[in-house]
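To keep things clear, I will list the structure first and then write my remarks on it.
Protein chains in written order, with our numbering: chain A, 554 to 727; chain B, 25 to 410.
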C-alpha cells in the first residue's frame, strides 16, 4: 500500500464518518463542525487526484466562506443549546427510500462505467487548463453564474439595509 | 528546487541513500520548529522592546543579556501553567480550536520562498493555497470563541470571523493583480520574475511594487488587509482589551493561550513573508544578481556555491521580512483602534473598489505594454537593459 492509497482511504473514511455525524448528531453545531471535516476530506481527495486548484478552492470557498456563514446562522439560532428532535421512524421513511434509490443508481453507474487505470500519479498544470476553459468554451456559463451572484448580493443589500422610507412615511401618516 | 529536493541533493553528495519522504518530513520540522516557532517567540520579545522604546520605558531586561531570553522564560511559564477549562465550555471544540488556528498559520509556511533552494513545496497554486489555509484561522477563532461559553469571547469571535471573511476579498484581489503581472501563481515563479532587469535572470521586472503605479497602490491595500487578517492594531477588534477583556481567547490559559498568541505572531510573519515575496522581490536586490555570485570554494568535489548563495538570499529575504514586521509593530503603538462600522466601511467602501479598479488597470497595463514593467520601459527608452 503506497502513501497515496493510505491517504485516499483515510479521506474516504473521514468523509463518510463525518457525513454520518452531520446527518444524525443531535446538536446542530456539532453537525456543522462535522460538515467541515467532510468538506476537508473532499479537498483531500481532489488533492490526491492531482487537482490542486480544486482542492484549494474547496478549502477557501466552503471552509472559509460557507461554513463560517453556516456557523454564524447556527450560533444566532434560538435552539442551538437544545438537541434537535429526530422524530420517530416516520421522519426516516421517505429519506431512506430516496437514499437507497440514489445508492442503487450510483452503484449501477459505477459498475457500468469504464474506469481508466493510471498507475503513475499525474501532475499537470491544472490552473491554466481551468482558466482557458472558463473564458473559452464555458464563458457563457461563467458569466451567467456571475449574474446569479450579483442578484444574490443585491438581494442581501435590499434585505439588510434599514427601511428609512417606510418609517418616515409611517410617521407622516400619524 | 524545493527544500526536500535540496536536502536530498546534499545527501546524494555525501553518498547516503535516504528516501525523499524523510526529507519532506524533515523540512516540515525545520520550517516549523526552527523558523516559525522561535521567530514567533522572539517577536513577542521584540514587540515588548519596541513598545517600551516608544513609551520611553526599559522593557524586559531581566532574563539574559538585555532580556533576550525573555521569550524562553515565557514559553516555560506557558507550559507549566494550569490548563483551565470553564465548567460549561464545550470541551471538544475548546480543545480543537487552538489547533485549527495553529495548523492554518503554520501550514502556509511551506510555501514561503526563503531562497532559490529553500522553499518547502513549490506548488503551481502557491499564493492561492496560502490564502486557502488562512480560512482555517477564522474557523478556529469562531469555534474557540463559541466553545468558551463567555459572551466577551463570543463577541470577539464573531467580530474576528466577520473581519477575516471581509478583508480576504481586498487581500485576494491585490494578490490577483500580482498574479496577472507575473503570469504565475507559484511563489518561485513570482519571485523569479522580479529579478533586476539587466541581470539576464528570470523575468527582469524588478520588484512588483514598482512594476506599475497600480501595483504600488495595491501593495498598500495588501498591507492594510493583511493587518486586519492577523488581527493586529488598528484592526484588533476581536481582542479589544478595553471592551472585551481579551476577546476570543479570554478563557484560554496555559499552552492553549500560547498557541493562539504564537499563531498570531506567526500570521504576522507569514503575511510579511508573502508581501516580501510577491511585492518586494523576495531575495532579489537592485543592481546585483545574487545567483551569479560564485566564490568558487570547494570541499573535496562538492562546491559550496549553492550554500553560500542560499545564505545570501535568505539574509536578503529575512531582512525585508524583519523590516515589515517592525513596521507592523510600529503601527500597533501608533494608531488607535477602529470602530466596527469604520472597519467594515474601510473594507467594503474603499479597499474593495480601489483594489478592483487597480486589478483592471494593471491587466490593461500588461496588455498595452506586453507585460513590461515601468523600469523595463525606462530602460528601453534609454537603450539599456530590457
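No residue lacks a Cβ here, since even glycine has one placed at the ideal position from N, Cα and C.
> Can a CB atom of chain B be found closer than 7 Å to the CB of residue 629/A?
Replying inline: In the first chain, the residue the question calls residue 629/A occupies position 76. Output row for residue 629/A: interface = no.
> So what's residue 175/B in DSSP terms, helix, strand or just coil?
Replying inline: In the second chain, residue 175/B corresponds to position 151, counting from 1. Residue state, collapsed to three classes: helix.
> Of the choices 363/B, 164/B, 297/B, whose alpha-carbon is the least far from that of residue 616/A?
Replying inline: In the first chain, residue 616/A corresponds to position 63, counting from 1. Among 363/B, 164/B, 297/B, the Cα nearest to that of residue 616/A belongs to 164/B.
>> Rounded to whole angstroms, what is the Cα-Cα separation between residue 268/B and residue 231/B?
In response: As a first step, residue 268/B is located in the second chain; it is residue number 244 there, counting from the start. As a first step, residue 231/B is located in the second chain; it is residue number 207 there, counting from the start. Each residue's alpha carbon lies about 41 Å from the other.
>> Under 8 Å, CB to CB, which of the residues in the stretch 145 to 168 of chain B have a partner in chain A?
In response: The residues in question are 147, 148, 149, 152, 153, 155, 156, 157, 158, 159, 160, 162, 163, 166, 167.
>> Is residue 372/B close to chain A? Criterion is C-beta to C-beta, closer than 7 Å.
In response: Numbered from 1 along the second chain, position 348 holds the residue referred to as residue 372/B. Not closer than 7 Å to any Cβ of chain A, the Cβ of residue 372/B fails to qualify, so no.
>> Taking CB distances under 7 Å as the criterion, tell me whether residue 185/B reaches chain A.
In response: Within the second chain, the letter at position 161 stands for residue 185/B. Judged by the 7 Å Cβ criterion, residue 185/B is in contact with chain A.
> If you measure beta-carbon to beta-carbon, which residues of the stretch 603 to 616 of chain A are closer than 7 Å to chain B?
Replying inline: 605, 606, 609, 612, 613, 616
> Since residue 618/A meets chain B, which of its residues come closer than 8 Å, beta carbon to beta carbon?
Replying inline: The sequence position of residue 618/A within the first chain is 65, counting from 1. Near residue 618/A (Cβ distances below 8 Å), the residues of chain B are 159, 189.
> Sorted by chain position, which residues of the same chain lie with C-beta nearer than 7 Å to residue 154/B's C-beta, five sequence neighbours on each side aside?
Replying inline: Counting from 1 along the second chain, the entry for residue 154/B is found at position 130. Sequence-distant partners of residue 154/B (beyond 5 residues in either direction) whose C-beta falls short of 7 Å from its own C-beta, in its chain, are 132, 135, 298.
> In or out: residue 608/A buried (at least 16 other Cβ within 10 Å) or exposed?
Replying inline: To locate residue 608/A, count along the first chain from 1; it is residue 55. Buried: at least 16 other Cβ atoms inside 10 Å.
> Where does residue 323/B fall in DSSP's three states?
Replying inline: By 1-based counting over the second chain, the position of residue 323/B is 299. In the structure shown, residue 323/B sits in a strand (DSSP, three-state: E or B).
> In three-state terms, what does DSSP make of residue 275/B?
Replying inline: Your numbering for residue 275/B matches position 251 in the second chain. Judged by DSSP in its simplified three-state form, residue 275/B adopts coil rather than helix or strand.
> Roughly how many whole angstroms lie between the Cα atoms of residue 722/A and residue 710/A?
Replying inline: Start at 1 with the first residue of the first chain, and residue 722/A comes out as number 169. Start at 1 with the first residue of the first chain, and residue 710/A comes out as number 157. Because residue 722/A carries a pLDDT of 49, less than 50, the predicted location of this residue cannot be relied on, and the following value inherits that uncertainty. Residue 722/A and residue 710/A: Cα-Cα distance of roughly 21 Å.
> Can you tell me whether residue 19/B is buried or exposed, with buried defined as 16 or more other CB within 10 angstroms of its CB?
Replying inline: Here chain B covers residues 25 to 410 and nothing more, so residue 19/B does not appear.
>> Between which two residues does the alpha helix (DSSP H) holding residue 660/A run?
In response: On the first chain, position 107 is the one that residue 660/A refers to. Note, residue 660/A: alpha helix (DSSP H), 643 to 665.
>> Just to check my reading of the structure: residue 180/B and residue 271/B have Cβ atoms closer than 8 Å, yes? What is that Cβ distance to the nearest angstrom?
In response: Reading the second chain from its first residue, position 156 is the one you call residue 180/B. Reading the second chain from its first residue, position 247 is the one you call residue 271/B. That belief holds up - the Cβ atoms of residue 180/B and residue 271/B are roughly 3 Å apart, short of 8 Å.
> Does residue 170/B come within less than 7 Å of chain A when only Cβ atoms are used?
Replying inline: Residue mapping note: residue 170/B aligns to position 146 of the second chain, counting from 1. Yes, residue 170/B lies at the interface with chain A (some Cβ there is under 7 Å from its Cβ).
> Alpha carbon to alpha carbon, what distance is there between residue 590/A and residue 605/A?
Replying inline: Along the first chain, read from residue 1 onward, the residue named residue 605/A stands at position 52. Along the first chain, read from residue 1 onward, the residue named residue 590/A stands at position 37. The straight-line gap from Cα to Cα measures roughly 18 Å.
> Per DSSP, what kind of secondary structure is residue 267/B in: helix, strand or coil?
Replying inline: To locate residue 267/B, count along the second chain from 1; it is residue 243. It is coil, neither helix nor strand.
>> What residue range does the alpha helix (DSSP H) around residue 369/B cover?
In response: For the purposes of this step, residue 369/B is taken as the residue at position 345 of the second chain. 364 to 369 is the span of the alpha helix (DSSP H), which, as asked, contains residue 369/B.
> In angstroms, rounded to a whole number, what distance separates the CA positions of residue 399/B and residue 556/A?
Replying inline: The count along the second chain starts at 1 and reaches residue 399/B at position 375. The count along the first chain starts at 1 and reaches residue 556/A at position 3. Straight across, the Cα-Cα distance linking residue 399/B with residue 556/A is about 48 Å.
> How many whole angstroms separate the CB atoms of residue 171/B and residue 117/B, which I take to be in contact at a CB cut-off of 8 Å?
Replying inline: Position 147 of the second chain, counting from 1, holds the residue named residue 171/B. Position 93 of the second chain, counting from 1, holds the residue named residue 117/B. Going by Cβ atoms, the distance from residue 171/B to residue 117/B rounds to 4 Å, so yes, they are a contact pair.
>> Relative to the C-alpha of residue 188/B, which candidate in 59/B, 201/B, 166/B has its C-alpha closest?
In response: Sequence index remark: in the second chain, residue 188/B carries index 164 (1-based). Minimum Cα distance to residue 188/B is reached at 166/B.
> When you compare only the Cα positions, how much space is there between residue 649/A and residue 588/A?
Replying inline: The residue labelled residue 649/A in the question sits at position 96 within the first chain. The residue labelled residue 588/A in the question sits at position 35 within the first chain. Approximately 20 Å between the Cα atoms of the pair.
>> For residue 568/A, which residues in the same chain have their Cβ closer than 7 Å to its Cβ, ignoring the five residues on either side in sequence?
In response: Mapped onto the first chain, residue 568/A falls at position 15. Closer than 7 Å at Cβ, skipping near neighbours: 591, 594, 595.
>> Alpha carbons only, please: which of 169/B, 301/B, 371/B is nearest the one belonging to residue 348/B?
In response: Here residue 348/B refers to the residue found at position 324 when the second chain is read from its first residue. Cα-wise, what sits closest to residue 348/B is 301/B.
>> Against chain B, with Cβ distances strictly below 7 Å, would residue 621/A count as a contact?
In response: Taking the first chain and counting its residues from 1, the one referred to as residue 621/A is at position 68. Taking Cβ atoms only, chain B reaches closer than 7 Å to residue 621/A, which makes this a yes.
> What's the call for residue 374/B, buried or exposed, on a 16-neighbour Cβ count within 10 Å?
Replying inline: What you label residue 374/B is simply residue 350 of the second chain in a count that begins at 1. Label assigned to residue 374/B: exposed.
>> So residue 83/B and residue 76/B are supposed to be a Cβ contact under 8 Å. How far apart are they, rounded?
In response: In the second chain, counting from the first residue as 1, residue 83/B sits at position 59. In the second chain, counting from the first residue as 1, residue 76/B sits at position 52. Contact between residue 83/B and residue 76/B holds, since their C-beta atoms are separated by about 3 Å, short of 8 Å.
>> Quick check: what's the CA-CA separation for residue 237/B versus residue 378/B?
In response: In the second chain, residue 237/B corresponds to position 213, counting from 1. In the second chain, residue 378/B corresponds to position 354, counting from 1. Spanning the two alpha carbons is a distance of roughly 13 Å.
>> Just checking: is the beta-carbon of residue 624/A within a distance shorter than 7 Å of some beta-carbon in chain B?
In response: As a first step, residue 624/A must be located in the first chain, where it is residue number 71. Judged by the 7 Å Cβ criterion, residue 624/A is in contact with chain B.
> Would a check of beta-carbon distances place residue 680/A closer than 7 Å to chain B?
Replying inline: Residue mapping note: residue 680/A aligns to position 127 of the first chain, counting from 1. Chain B, which has a Cβ nearer than 7 Å to the Cβ of residue 680/A, makes this yes.
> How many Å lie between residue 58/B and residue 80/B at the Cα?
Replying inline: Within the second chain, numbered from 1, the residue matching residue 58/B stands at position 34. Within the second chain, numbered from 1, the residue matching residue 80/B stands at position 56. Going by the C-alpha atoms only, they are around 33 Å apart.
> How is residue 110/B classed by DSSP in three states: helix, strand or coil?
Replying inline: By one-based count along the second chain, residue 110/B stands at place 86. Taken through DSSP and simplified to helix, strand or coil, residue 110/B comes out as coil.
> Between which two residues does the alpha helix (DSSP H) containing residue 67/B stretch?
Replying inline: Working through the second chain from its first residue, we reach residue 67/B at position 43. From DSSP, the alpha helix (DSSP H) with residue 67/B extends over 61 to 78.
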